[in-house]
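Asks: Dropping a structure here in structure tokens format, bear with me for questions.
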Amino acid sequence: LWAIRNAQDFAQDIARLCPKLSSMYDLEHCGPTTPGLIDRLLGTLPQQQAKKIYCTNKDVLGGQDLGDALRMFRRHSTTLQSVTIYDCKNIDSKMIQVILVECVALEELAVNRNPSNTSKRRGIDLEDAVEFPWASTKIRTLGLTVDVPDEPLHYLAENTVPYYNRPGLMELSAAEKKQFKSFEALYRQIGALTELRKLILQANFFDPEGHRASSGDYHPNVFPGMLSLGCEETGRPGYLDHFAGLTKLKLLWGSVSATTKETKVTVGMDEVRWPVK
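Here my numbering is used: the first residue of the sequence shown is 313, the next is one more, and so on.
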């Protein structure tokens with residue numbers, strides 16, 4: 313495999329010799345001389361045949377643009393059930409969005425991307441995650457890193473009090489309201505996945521201008537308002553109720569700590585008792 317120079321010819325040979333191929337696993341072993349083999353296989357196999365993709369530490373795609381990616385995943389949108397892509401260099405947020413909004417049979421999605429020297433982003437941009445409804449409600453395992461601009465809720469301007477520590481009736485800035493609206497849309501997307509058993513959700517806060525380092529370790533981060541029911545008296549937002557339909561969930565991991573500065577204030581006994589019917 314290391315001697316292969318033409319990935320397209322190789323993909324055509326595989327499709328001819330293995331006409332029922334539906335799973336593509338760990339193609340990094342094909343070596344650095346066959347970049348883009350997965351997308352060529354998806355483009356060569358009969359339509360609506362591929363079921364599983366698993367790839368780590370490789371150029372998973374051969375420089376596809378968004379239109380090519382859309383066509384590639386649409387070819388298998390009714391059969392693709394499992395997509396696992398870890399630390400691959402040449403996927404982007406829009407590529408992840410395509411998988412979420414096109415693959416109606418999806419049951420498992422775990423994807424992040426290898427940050428480059430010029431970008432600190434590691435997953436799907438928040439705005440891309442909520443731009444369109446997700447196609448599949450059958451998802452049982454979801455692992456996503458969500459890239460979020462660090463202003464205004466994570467990185468605070470000088471003399472700004474965190475929203476959850478403001479006394480009295482809460483006033484949010486226009487920028488805060490806008491970002492909360494996007495977060496709420498994300499929580500609604502996830503809350504609609506009533507078959508979900510395993511949720512790994514990580515927040516990566518970054519500076520769009522590139523002046524500040526990204527937030528790094530996911531565990532000290534928190535998705536604003538996600539674990540809180542909110543407070544009607546003060547107007548503090550909280551969106552825990554959006555997850556009421558996740559009755560089959562067995563594992564929640566990632567940026568969901570109850571010991572962050574925010575959750576120490578916003579998570580109390582109401583949230584602890586909330587799941588109990």
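Cβ atoms here follow ideal geometry from the backbone N, Cα and C, with glycine treated the same way.
(1) Is any beta-carbon of chain C found at less than 8 Å from that of Tyr398?
(2) My parser needs the beta strand (DSSP E) runs of 3 or more residues fully inside the region 375-455; what are they?
(3) Quick check on DSSP: helix, strand or coil for Leu563?
(4) So for Tyr467, helix, strand or coil by DSSP?
(5) According to DSSP, what are the bridge partners of Asp459?
(6) For a quick check, are the C-beta atoms of Leu454 and Leu421 less than 8 Å apart?
(7) Out of Arg509, Ser527, Glu419, which has the shortest C-alpha to C-alpha gap to Pro461?
(8) Helix, strand or coil for Arg548? Go by DSSP, reduced to three states.
(9) In the DSSP assignment, find the unbroken alpha helix (DSSP H) run with Tyr499 in it and report its ends.
(10) Report the CB separation of Gln359 from Arg387 in whole angstroms; it is logged as a contact under 8 Å.
(11) What residues in its chain sit with their C-beta under 8 Å from that of His391, if we drop five residues either side in the sequence?
(12) Taking three-plus beta-carbon pairs below 8 Å as touching, is the region 483-495 in contact with the region 554-565?
(13) I'd like the list of long-range same chain contacts for Thr430, defined as Cβ closer than 7 Å, with 5 residues on each side in sequence excluded.
(14) Evaluate Gly480 with the Cβ neighbour count: other Cβ atoms within 10 Å of its Cβ, from every protein chain shown; 16 or more gives buried, anything less gives exposed.
(15) Taking its Cβ as the centre, do 16 or more other Cβ atoms sit within 10 Å of Asn471, making it buried, or is it exposed?
(16) On the DSSP bridge assignment, give the partners of Ser335 in chain order.
Replies: Walking through what the data contain:
(1) Absent from the structure is chain C; it holds one protein chain and no more.
(2) Correct list: 394-400, 420-425.
(3) Correct three-state label for Leu563: strand.
(4) Reduced to three states, the DSSP call for Tyr467 is coil.
(5) Answer is Asp437, Asn516.
(6) Cβ distance < 8 Å, so Leu454 and Leu421 count as in contact.
(7) Between Pro461 and the set Arg509, Ser527, Glu419, the nearest pair of CA atoms involves Ser527.
(8) Arg548: strand per DSSP, three-state reduction.
(9) If you look at Tyr499, you'll find it in the alpha helix (DSSP H) that goes 486-503.
(10) Between the beta-carbon of Gln359 and that of Arg387 there is about 5 Å, and that keeps the pair under the 8 Å contact cut.
(11) Residue identity differs from the one stated: residue 391 is Thr in this sequence, not His. Ser334, Gln360, Gln361, Ala362, Lys363, Ala417.
(12) Contact between the region 483-495 and the region 554-565 is absent, with fewer than three C-beta pairs closer than 8 Å.
(13) With a pLDDT of 49 at Thr430, under the threshold of 50, the predicted position of this residue should be treated as unreliable, and no value is reported.
(14) With fewer than 16 Cβ atoms within 10 Å of its Cβ, Gly480 is classed as exposed.
(15) So Asn471 ends up on the exposed side.
(16) DSSP output for Ser335 lists Lys364 as bridge partner(s).
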